[in-house]
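Enquirer: Residue numbers (the working numbering), protein chains in the order written: chain X, 375 to 621; chain V, 65 to 297. Beta carbons: idealized from backbone N, C-alpha and C, even for Gly. On a predicted model such as this, the values are computed, not experimentally measured, just so you know. Shown below is the structure under consideration.
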Amino acid sequence: MKSFFHALIGIILLLAVWQLLALILNKSIVPAPAETLSLLAEMLIFPPILLAAWQTAWKVFLALLLVMLIGLPLGLCLGLSKTVYSMFRPIIMVIQAVPVISWLSLVIFAWGIGWKGPVFIAFLSLLPLSILTTVAGVRNLDNNLLEMARIYRVPGRRVIKDIYLGSLLPFIAAIVDVSIGQAWKVILVAEYLSGGSGLGVEILRMRMNIDFPGVWALTLLAVFLGIITERLIKKLLGRLSHQWTIA
Amino acid sequence: MDHCLVVKGLSKSYDSLPVLDNWNLSLGWGQRLVLLGSSGAGKTTFLRILSGLEAPSCGHIDNYCTKIGFVFQEPRLIPWRSVKENLLFVNPKVDYAGILSRLRLAGFEDYLPSQLSAGMRQRVNLARALMSKPDLLILDEAFSSLDLSVKSSIMEDINQLWLENPFAIIAVTHDLKEALYMADRIIILSPRPARVMQDIKVDPGPERSFSSPGLLQLESSLIKLLCSFQSEV
C-alpha cells in the first residue's frame, strides 16, 4: 500500500511537470495532460488506431520470443564453452556496434516496407543483451551443485532442468525486464522508418499532418501498452518459474 | 574379490605442486577407513580422484563398487528444490521415505533447504548418499561445521545403519575423536605432499561412543604418535 502511494505521488509529479510545460510552451507542441488523455480516449474507439496498436504489439511479442528462443540457448552454449565464447564474441560485438539505421537500410533493401524489418531490427538489438546476460548467468552457476550431479551421474536433461534453469532464472527475469521496454522503443522507431503498419507508422502520419497532440496521444498509448505488456509477461514468467523459486 | 577398492602408486600434482605422493592402499568390503591429516594435506584431492572429478597424475584406483554415496562437507542441496526433490534429483526411482524417517527427517519432505537447520541439511546430504544403498560411502569432512551434539547424533545414525547393513566407508577428517569413533582403520597422512605415514587398526570393542574407555586409550596413544611424527617433520 505504501509503495502504491509513492508511485501515485510520482505520477502526480510527472503530470504537474507536464502541465507546467504545456503552460510555458506552445500548446500545439506540448498539449496539456487532460487534453492528451481525452484525445487518446477518442482514438481508442477508432478502429485503425486499435489495429495499429495490435500490429505493433504482436511484433513486440514476436521479437521477444525470438530473442528468448535464440538468445538463451546461444548464451548457454557460449557460457559453457570458453572456445565457443571466444569465437562468437567478435560477432556479438559487431552486432552491438552496428547502428540501427544501418540495419534499417539493409532490411528495406532486403524485404522492403513491412513487418519483417521492425521485428528483425528489434531482435538484433536485443540479442546481444540476452546472450551476454545468459553467459553471465551460466558463469555464476554453483559449481558445487554441478559436481554433486556429476558424482551421482545425474542425466544431463535433469541437470539442465533442475540446476541450470533454476540458477539462470534471475538472469532470464533481468533479460525480460530490460527487453520489453527496449523492444517497444525499437519496434516503434523501425515502424516509423520502414514499417508498413503499426503505431510507429501512425505517429509518422500524425507528424506529417502536423498533429502534435496526436503524436503525444499515441506516445501515451505506446507507454501504456509497454507497461501492460511488461506486467503480463512478468506474470506469465512468474507462473512458469514458480517451481524454481525459493519461497 | 576381497577388496572393494585398491589404490596403486597414486600421485597427483598441480603444475609443479605435488599434492599426493605414491599412495598404495586397499579397502575391504564393509571396512571403515579414515584418512587423518592436517588441513590442506590433500585428503579432499584423493576423494575427488576417487569420485572421478579429477584424474591422477600417475597410478590408478581399481574401484569395484557399483554404488557410491558422497557426503560433502557443505550439504550441496539445490536451494529451490524441497528435501524430497533433492533426493529424487539423484535417483527418481528410489523410495526416499524410509531413509528420511531413519534419519529423523520424516515430515520435512516438502521443506526447502533454507527452512532447515544446518544439522538437518547435513542429514539430508547423508540421506541422499545412503538412499541408493551404496557399497561405498565417502565422507569429506562431513561433520566439521556441526556442533558436537549434532555431529555425534549423525555419527551414531551412520554407525547404526552400518551395523544393520555394513558398507565400506572412506572418511577424511582432521578430528581425531571423529576418526576414532568411525574407523576400523586409520591412515595417518604426512603434510603435503600427502604420503601414507601409518596404517593403524582400530578395535575399540563392540560399543562405540566418544567416552568409551577403549577409544580414550587409543586417542592418547595416537596423540603421542602424531606428536612423534610432528617432531620428525
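Please decide whether L282 (chain V) counts as near chain X, where near means a Cβ-Cβ distance under 9 angstroms.
Expert: Here residue 282 (chain V) is taken as the residue at index 218 of the second sequence, counted from 1. By this cut-off, L282 (chain V) is not an interface position.
Enquirer: In angstroms with no decimal places, state the Cα-to-Cα distance between V266 (chain V) and A119 (chain V).
Expert: In the second sequence, the residue the question calls residue 266 (chain V) occupies position 202. In the second sequence, the residue the question calls residue 119 (chain V) occupies position 55. Between V266 (chain V) and A119 (chain V), the C-alpha separation is close to 31 angstroms.
Enquirer: How would you list, in chain order, the residues of chain V whose beta-carbon sits under 7 angstroms from the beta-carbon of R532 (chain X)?
Expert: Translated into the one-based positions of the first sequence, residue 532 (chain X) becomes position 158. Under the 7 angstroms cutoff, chain V gives F153.
Enquirer: Of all the residues that make up the stretch 127 to 139 of chain V, which are near chain X by a beta-carbon distance shorter than 8 angstroms?
Expert: Taking 8 angstroms as the Cβ-Cβ cut-off against chain X, the residues of the stretch 127 to 139 of chain V that qualify are I132, F134, F136, E138.
Enquirer: Can you tell me the Cβ-Cβ gap for I233 (chain V) and R96 (chain V), rounded? I've got them flagged as a contact below 8 angstroms.
Expert: In the second sequence, counting from the first residue as 1, residue 233 (chain V) sits at position 169. In the second sequence, counting from the first residue as 1, residue 96 (chain V) sits at position 32. That pair is a contact at about 4 angstroms.
Enquirer: What are the residues that DSSP puts in a beta bridge with A235 (chain V)?
Expert: Here residue 235 (chain V) refers to the residue found at position 171 of the second sequence. Answer by DSSP bridge pairing, in chain order: V:V98, V:L203.
Enquirer: Closer than 9 angstroms by beta-carbon distance: list the chain X residues that pair up with L117 (chain V), in chain order.
Expert: For the purposes of this step, residue 117 (chain V) is taken as the residue at position 53 of the second sequence. Per Cβ cutoff of 9 angstroms: E521, R524, I525.
Enquirer: For F497 (chain X) versus L450 (chain X), is the C-beta spacing smaller than 9 angstroms?
Expert: Reading the first sequence from its first residue, position 123 is the one you call residue 497 (chain X). Reading the first sequence from its first residue, position 76 is the one you call residue 450 (chain X). No, these two residues do not count as a Cβ contact at 9 angstroms.
Enquirer: Bridge partners for I251 (chain V) per DSSP, in chain order?
Expert: Residue mapping note: residue 251 (chain V) aligns to position 187 of the second sequence, counting from 1. The partner list for I251 (chain V) (beta bridge, DSSP) reads V:L99, V:D263.
Enquirer: Are the CB atoms of Y175 (chain V) and V147 (chain V) nearer to each other than 9 angstroms?
Expert: The residue labelled residue 175 (chain V) in the question sits at position 111 within the second sequence. The residue labelled residue 147 (chain V) in the question sits at position 83 within the second sequence. Yes, they are a contact pair.
Enquirer: For W428 (chain X), go through chain C and note every residue whose CB falls closer than 7 angstroms to its CB, in chain order.
Expert: Here the protein chains are X and V, and chain C is not one of them.
Enquirer: Rounded to whole angstroms, what's the CA-CA distance from L515 (chain X) to S402 (chain X)? Just pull it up for me.
Expert: Taking the first sequence and counting its residues from 1, the one referred to as residue 515 (chain X) is at position 141. Taking the first sequence and counting its residues from 1, the one referred to as residue 402 (chain X) is at position 28. Their backbone Cα atoms lie some 55 angstroms apart in a straight line.
Enquirer: For S377 (chain X) and I385 (chain X), what's the separation of their Cα atoms in angstroms?
Expert: Sequence index remark: in the first sequence, residue 377 (chain X) carries index 3 (1-based). Sequence index remark: in the first sequence, residue 385 (chain X) carries index 11 (1-based). Rounded to whole angstroms, S377 (chain X) to I385 (chain X) spans 12 angstroms at the Cα level.
Enquirer: Run through chain V and tell me which residues come within less than 8 angstroms of N518 (chain X), C-beta to C-beta.
Expert: The residue you call residue 518 (chain X) lines up with position 144 of the first sequence. Neighbours of N518 (chain X) on chain V, chain order: F136, E138, R140.
Enquirer: Just tell me which of V:E205, V:P257, V:L212 has its CA closest to the CA of E138 (chain V).
Expert: For the purposes of this step, residue 138 (chain V) is taken as residue 74 along the second sequence, with counting starting at 1. That would be V:E205, whose Cα lies nearest to the Cα of E138 (chain V).
Enquirer: Would you please state the rounded distance, in angstroms, between the beta carbons of K76 (chain V) and H124 (chain V)? I believe it to be under 8 angstroms.
Expert: Position 12 of the second sequence holds residue 76 (chain V). Position 60 of the second sequence holds residue 124 (chain V). That pair is no contact at about 12 angstroms.
Enquirer: Taking just the CA atoms, how far does K608 (chain X) sit from E565 (chain X)?
Expert: For the purposes of this step, residue 565 (chain X) is identified with residue 191 of the first sequence, where counting begins at 1. For the purposes of this step, residue 608 (chain X) is identified with residue 234 of the first sequence, where counting begins at 1. Using only the alpha carbons, I get a separation of about 25 angstroms.
Enquirer: DSSP on Y526 (chain X), reduced to helix/strand/coil?
Expert: Start at 1 with the first residue of the first sequence, and residue 526 (chain X) comes out as number 152. Y526 (chain X) falls in the coil class under three-state DSSP.
Enquirer: Under three-state DSSP, which class holds N400 (chain X)?
Expert: The residue given as residue 400 (chain X) occupies position 26 in the first sequence. In the structure shown, N400 (chain X) sits in coil (DSSP, three-state: anything other than H, G, I, E or B).
Enquirer: Given this structure, state the Cα-to-Cα distance separating V533 (chain X) from M522 (chain X), to the nearest angstrom.
Expert: Taking the first residue of the first sequence as 1, we reach residue 533 (chain X) at position 159. Taking the first residue of the first sequence as 1, we reach residue 522 (chain X) at position 148. Between V533 (chain X) and M522 (chain X), the C-alpha separation is close to 10 angstroms.
Enquirer: Looking at the unbroken alpha helix (DSSP H) that takes in W428 (chain X), where does it start and where does it end?
Expert: Here the question's residue 428 (chain X) lines up with position 54 in the first sequence. W428 (chain X) -> alpha helix (DSSP H) spans 421 to 454.
Enquirer: Assuming L164 (chain V) and A191 (chain V) are in contact, meaning their beta carbons sit under 8 angstroms apart, how far apart are those beta carbons, in whole angstroms?
Expert: Start at 1 with the first residue of the second sequence, and residue 164 (chain V) comes out as number 100. Start at 1 with the first residue of the second sequence, and residue 191 (chain V) comes out as number 127. Indeed, because the Cβ distance is near 6 angstroms, the residues count as touching under 8 angstroms.
Enquirer: Of all the residues that make up the stretch 534 to 552 of chain X, which are near chain V by a beta-carbon distance shorter than 7 angstroms?
Expert: Listed in sequence order: D536, I537, G540.
Enquirer: Would you mind sorting F420 (chain X) into buried or exposed? The rule is 16 or more other CB atoms within 10 Å of its CB.
Expert: By 1-based counting over the first sequence, the position of residue 420 (chain X) is 46. Exposed.
Enquirer: Name the two residues that bound the continuous beta strand (DSSP E) containing P82 (chain V).
Expert: Residue mapping note: residue 82 (chain V) aligns to position 18 of the second sequence, counting from 1. Taken as a continuous stretch (DSSP letters only), the beta strand (DSSP E) holding P82 (chain V) covers 81 to 92.
Enquirer: Take every Cβ of the stretch 577 to 589 of chain X, pair it with every Cβ of the stretch 77 to 87 of chain V, and state whether three or more of those distances are shorter than 8 angstroms.
Expert: At 8 angstroms Cβ cutoff, the stretches do not touch.
Enquirer: With contact counted as at least three CB pairs below 8 angstroms, one residue from each stretch, are the stretch 242 to 262 of chain V and the stretch 88 to 105 of chain V in contact?
Expert: Enough Cβ pairs lie closer than 8 angstroms, so yes.
Enquirer: Please tell me whether P143 (chain V) has its Cβ less than 9 angstroms away from any Cβ of chain X.
Expert: Reading the second sequence from its first residue, position 79 is the one you call residue 143 (chain V). With 9 angstroms as the cut-off, P143 (chain V) counts as an interface residue toward chain X.
Enquirer: Just to make sure I have the definition right: I need the residues of chain V whose C-beta is within less than 9 angstroms of the C-beta of V512 (chain X). Which are they?
Expert: The sequence position of residue 512 (chain X) within the first sequence is 138, counting from 1. Those do not exist, as V512 (chain X) stays about 16 angstroms from chain V at its closest Cβ, beyond 9 angstroms.
Enquirer: Does G300 (chain V) pass the burial test, meaning 16 or more other C-beta atoms within 10 Å, or should it be called exposed?
Expert: Residue 300 (chain V) lies beyond the range of chain V shown here (65 to 297); nothing can be said about it.
Enquirer: Report all residues from its chain with a CB closer than 6 angstroms to the CB of A235 (chain V); omit the five preceding and five following residues, and keep chain order.
Expert: For the purposes of this step, residue 235 (chain V) is taken as residue 171 along the second sequence, with counting starting at 1. Here the set comprises V98, L203, M246.
Enquirer: Just to confirm the assignment, what range does the alpha helix (DSSP H) spanning F274 (chain V) have?
Expert: One-based indexing of the second sequence puts residue 274 (chain V) at position 210. Taken as a continuous stretch (DSSP letters only), F274 (chain V) belongs to no alpha helix (DSSP H), as it is neither H nor E.
Enquirer: Express the C-alpha separation of S292 (chain V) and C129 (chain V) in angstroms, rounding to a whole number.
Expert: Residue 129 (chain V) sits at position 65 when you count from the first residue of the second sequence. Residue 292 (chain V) sits at position 228 when you count from the first residue of the second sequence. So the two alpha carbons sit approximately 36 angstroms from each other.
Enquirer: Which residues in the same chain have their Cβ closer than 7 angstroms to the Cβ of S121 (chain V), if we skip the five residues on either side of it in sequence?
Expert: Along the second sequence, one-based indexing puts residue 121 (chain V) at 57. The answer, listed in chain order, is S75, K76, S77.
Enquirer: For a contact meaning CB atoms closer than 7 angstroms, what does W489 (chain X) contact in chain V?
Expert: What you label residue 489 (chain X) is simply residue 115 of the first sequence in a count that begins at 1. The premise fails here: W489 (chain X) is roughly 39 angstroms from chain V at the closest Cβ pair, so nothing lies under 7 angstroms.
Enquirer: Give me the subset of the stretch 584 to 618 of chain X whose CB atoms are less than 9 angstroms from a CB atom of chain V, sorted by chain position.
Expert: Cβ contacts with chain V come from Q617, W618.
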